[in-house]
Amino acid sequence: MFPIDPTSIPFYVYPSENPTASLVNPFFDGRIYHSWSRSLKKAIIMKNKL
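In this note's numbering, the protein residues as written are -6 to 43.
Now the structure itself:
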């Protein structure tokens, strides 16, 4: 068997990435869902995780 390269996994967090960094404003009360959702998707896409 060949070992799996962990960097080939889409959700791999590189050591240089801070897993506790906030991608979007953590406060969510439901009133601005579309803006919140767009920000979250953009942040994930920018990190190539989606």
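Heads up, the beta-carbon is just placed ideally off N, CA and C, and yes, glycines get one too.
In whole angstroms, what separates the C-alpha of residue i from that of residue j?
i: residue 40; j: residue 0; result: 13 Å
i: residue 33; j: residue -4; result: 33 Å
i: residue 29; j: residue 23; result: 9 Å
i: residue 2; j: residue 25; result: 32 Å
i: residue 38; j: residue -2; result: 21 Å
i: residue 7; j: residue 36; result: 16 Å
i: residue 31; j: residue 4; result: 19 Å
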